[in-house]
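Structure first, commentary second.
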Amino acid sequence: MRVLLVGAGGVGTAITRIAARRPFFEAMVVADYDPARASAAVAALDGDDRFHAERVDASDEAAVTALLARHRCDVLLNATDPRFVMPLFHAARAAGAHYVDMAMSLSRPHPERPYEECGVRLGDAQFAEADEWAEAGALALVGMGVEPGLSDVFARYAADELFDEIEEIGIRDGANLTVEGHDFAPSFSIWTTIEECLNPPVVYEADRGWFTTAPFSEPEVFDFPEGIGPVECVNVEHEEVLLVPRWVKARRVTFKYGLGGEFVETLKTLHRLGLDRTAPVAVPSERGPVPVSPRDVVAACLPDPATLGELMQGKTCAGTWVRGVKNGAPREVYLYHVVDNQWSMAEYGSQAVVWQTAVNPVVALELLATGAWSGAGVLGPEAFPARPFLDLLTEYGSPWGLREQ
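Going by my numbering, the sequence shown opens with residue 34, and the numbers climb by one from there.
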């Protein structure tokens, strides 16, 4: 397998460090808009000659297609933010390569009823081209990070091995991470965090289909394992709600994120001030008005999450709560994956949140390389058997857990 990895930020760099320990691929080209980031990621791998750094603009479909062809890559792994999903998705198809991402094409709220009805949903643009991919015998594996990704694998595992009928699947994400010296320092991309948290959350119900609610709706306190404890979680827009019902039968699917009151109020303030917007505004400068995206300014003012590892303490937990029936009796479980920041920093030099995101696409690539997973079309993680993934994740030294509720 020859891989083009686009994006050498925190997650992309963690991907290289995880993949370097595995023998399943022949080459990995690490490409970024900033060539210094790509070069630094490769230089840190102790001379592993399977890795090669390149510069590429992820928004330039033709340039990415040419890079895939030049290095004879048969799969593109997208580690950029969701703005670049579609050009990279199209570049892979144009080059005849398979495609893997960790987030899907962007949504747009319903123009009149944003908190009742879906507009353009996450992934709609990709699923609209599913027939083309299937007819070509090519695979686009979408949403293959941790959430979405591992959480979807858990949903498939629950359906296959733990339940006869599923009433509800709820992704529940929480952490007790702190960052020394910072009052507000998100552990993941603030650009993506704003997108997820301020868009109308999507809920799925079998008798109603997909619909939306107000941001931060339906608060609940969820008790997370391994010492994290109770965290208030709220509805957030996320890909799992759009993916799980396509392959797993459940009466209701939700995603709730443990944000905390202070984080929620900060996001609400950004929204009130218009600082969550992506459309450029004219900002005066010595050279005249300069178009600037307010959200990009917020991101530039905050520390890079990839640099926070040494200042972070605590654990992060991604998991899938499932309620239903097994052998005629009610059952409720929480399938989860916890990463301790102290461990991920000592073992890989990557902070817990980016490492937890990065390990899952590497596991998926290995399953595709060995043939344990195969398929064509635009498919989510739920479309594949869960057991091979979970067994290999454990082999990577990062086991998962199951708690009866």
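Glycine residues also receive a C-beta, built at the ideal position from the N, C-alpha and C atoms.
Predicted model, so just to flag it, every value in this text is computed and none were measured.
Among residues of its own chain, excluding the 5 on either side of serine 222, which ones have a beta-carbon nearer than 7 Å to its beta-carbon? If you number the sequence shown from 1, residue 222 lands on position 189. Here the set comprises Asp114 and Pro338.
Contact check, valine 133 vs leucine 110 under 8 Å by CB: the rounded distance? Counting from one through the sequence shown, the residue named residue 133 turns up at place 100. Counting from one through the sequence shown, the residue named residue 110 turns up at place 77. Contact holds; Cβ gap of about 5 Å.
Report the rounded CA-to-CA distance for methionine 34 versus aspartate 216, giving the unit in angstroms. Counting from one through the sequence shown, the residue named residue 34 turns up at place 1. Counting from one through the sequence shown, the residue named residue 216 turns up at place 183. Roughly 43 Å between the two C-alpha positions.
Find the nearest neighbour of glutamate 29 within the set Glu259, Glu272, Gly293 and Glu198, judged by alpha-carbon distance. Since the first residue of the chain shown is 34 and the last is 438, residue 29 is not available in this structure.
I'd like the span of the alpha helix (DSSP H) that includes lysine 282, first residue to last. For the purposes of this step, residue 282 is identified with residue 249 of the sequence shown, where counting begins at 1. Per DSSP, lysine 282 belongs to no alpha helix (DSSP H) and is neither H nor E.
Identity of the residue in Ala239, Gly156 and Phe296 nearest leucine 499 by Cα: Because residue 499 is not part of the residues shown, which for the chain are 34 to 438, the question remains open.
Same chain only: Cβ atoms within 6 Å of aspartate 239, ignoring 5 sequence neighbours per side: Sequence index remark: in the sequence shown, residue 239 carries index 206 (1-based). In the sequence as presented, aspartate is not what sits at residue 239; that position holds alanine. Excluding residues within five positions, the ones whose Cβ falls inside 6 Å are Arg284.
Closer than 7 Å by C-beta to aspartate 185: which residues in its own chain qualify, once you throw out the five before and the five after it? Chain order, please. As a first step, residue 185 is located in the sequence shown; it is residue number 152 there, counting from the start. Within the same chain, aspartate 185 has close Cβ partners Gly176, Glu273, Leu276, Val277, Gly413, Pro414 and Glu415.
Helix, strand or coil for glutamine 384 per DSSP? Stepping through the sequence shown from its first residue, residue 384 is reached at position 351. Note: glutamine 384 maps to coil in three-state DSSP.
Less than 8 Å between the C-beta atoms of threonine 390 and valine 179, yes or no? By 1-based counting over the sequence shown, the position of residue 390 is 357. By 1-based counting over the sequence shown, the position of residue 179 is 146. Yes.
Every unbroken alpha helix (DSSP H) inside the stretch 176 to 214 [4 residues or more]: 183 to 190
Would you check if there are 3 or more beta carbon pairs closer than 8 Å linking the stretch 345 to 363 to the stretch 186 to 200? yes
Among all the DSSP beta bridges, which residues are the ones paired with tryptophan 354? Here residue 354 refers to the residue found at position 321 of the sequence shown. For tryptophan 354, which the question treats as bridged, DSSP gives the partners Gly203 and Tyr367.
Three-state secondary structure (DSSP) of glycine 170: The residue labelled residue 170 in the question sits at position 137 within the sequence shown. Glycine 170: coil per DSSP, three-state reduction.
Can you find a heavy atom of the ligand ZN that lies under 7 Å from the Cβ of threonine 245? The ligand ZN is not among the ligands present in this structure, which contains no ligands whatsoever.
Here's the rule: buried if 16 or more other CB atoms are within 10 angstroms of the residue's CB, otherwise exposed. What is lysine 348? Here the question's residue 348 lines up with position 315 in the sequence shown. Buried, since its Cβ has 16 or more Cβ neighbours within 10 Å.
List the DSSP bridge partners of alanine 35. By 1-based counting over the sequence shown, the position of residue 35 is 2. Here the sequence assigns arginine to residue 35, which means alanine is not the residue at that position. Note: arginine 35 sits in a beta bridge opposite Ala60.
Roughly how many angstroms separate the alpha carbons of asparagine 232 and aspartate 79, rounded to a whole number? By 1-based counting over the sequence shown, the position of residue 232 is 199. By 1-based counting over the sequence shown, the position of residue 79 is 46. About 42 Å.
To the nearest angstrom, how far is it from the Cα of leucine 425 to the Cα of leucine 398? For this step, residue 425 is matched to residue 392 along the sequence shown. For this step, residue 398 is matched to residue 365 along the sequence shown. So the two alpha carbons sit approximately 11 Å from each other.
Would a C-beta distance cut-off of 8 Å place tyrosine 190 and leucine 300 closer than the cut-off? The residue given as residue 190 occupies position 157 in the sequence shown. The residue given as residue 300 occupies position 267 in the sequence shown. Contact flag unset, no.
Cβ atoms of phenylalanine 244 and cysteine 151: under 8 Å apart, would you say? The sequence position of residue 151 within the sequence shown is 118, counting from 1. The sequence position of residue 244 within the sequence shown is 211, counting from 1. Cβ atoms of cysteine 151 and phenylalanine 244: closer than 8 Å.
Write down every uninterrupted run of the alpha helix (DSSP H) in the stretch 303 to 360 whose length is 4 residues or greater and which is fully enclosed by it, in chain order. 327 to 334
Taking 8 Å as the threshold (C-beta atoms), are alanine 130 and glycine 410 in contact? Residue mapping note: residue 410 aligns to position 377 of the sequence shown, counting from 1. Residue mapping note: residue 130 aligns to position 97 of the sequence shown, counting from 1. Not in contact: glycine 410 and alanine 130 (Cβ atoms no closer than 8 Å).
Taking 8 Å as the threshold (C-beta atoms), are threonine 246 and tyrosine 148 in contact? Counting from one through the sequence shown, the residue named residue 148 turns up at place 115. Counting from one through the sequence shown, the residue named residue 246 turns up at place 213. In this structure, threonine 246 lies closer than 8 Å to tyrosine 148 by Cβ.
Endpoints, beta strand (DSSP E) assigned at cysteine 106: Your numbering for residue 106 matches position 73 in the sequence shown. No beta strand (DSSP E) contains cysteine 106, which DSSP labels as neither H nor E.
Would you tell me roughly how many angstroms separate the C-alpha atoms of glutamate 59 and histidine 85, rounded to the nearest one? Residue 59 sits at position 26 when you count from the first residue of the sequence shown. Residue 85 sits at position 52 when you count from the first residue of the sequence shown. If you take the alpha carbons of glutamate 59 and histidine 85, they lie about 11 Å apart.
What is the rounded straight-line gap between the Cα of alanine 127 and the Cα of proline 258? Counting from 1 along the sequence shown, the entry for residue 127 is found at position 94. Counting from 1 along the sequence shown, the entry for residue 258 is found at position 225. Computed Cα separation, rounded: 44 Å.
Proximity winner among Val36, Ala47 and Val281, relative to threonine 340 (alpha-carbon distances): Locating residue 340 in the sequence shown gives position 307, where the first residue counts as 1. It is Ala47 whose Cα lies nearest to the Cα of threonine 340.
Would you mind working out which of Val235, Phe288 and Ala362 sits nearest histidine 143, comparing C-alpha positions? As a working mapping, residue 143 is identified with position 110 in the sequence shown. If we check each option's Cα against that of histidine 143, Val235 comes out closest.
Using C-beta distances below 8 Å, list every residue in its chain close to threonine 427, excluding the 5 sequence neighbours before and after it, in chain order. Locating residue 427 in the sequence shown gives position 394, where the first residue counts as 1. For threonine 427, where only same-chain residues beyond five positions count, the Cβ hits under 8 Å are Trp433.
With 16 other Cβ atoms within 10 Å as the buried cut-off, status of glutamate 446: Within the shown structure, residues of the chain are numbered from 34 to 438, placing residue 446 beyond reach of any answer.
Return the Cβ separation of alanine 112 and glycine 182 in integer angstroms, given the expectation that the two are a contact with Cβ distance under 8 Å. Taking the sequence shown and counting its residues from 1, the one referred to as residue 112 is at position 79. Taking the sequence shown and counting its residues from 1, the one referred to as residue 182 is at position 149. That pair is no contact at about 13 Å.
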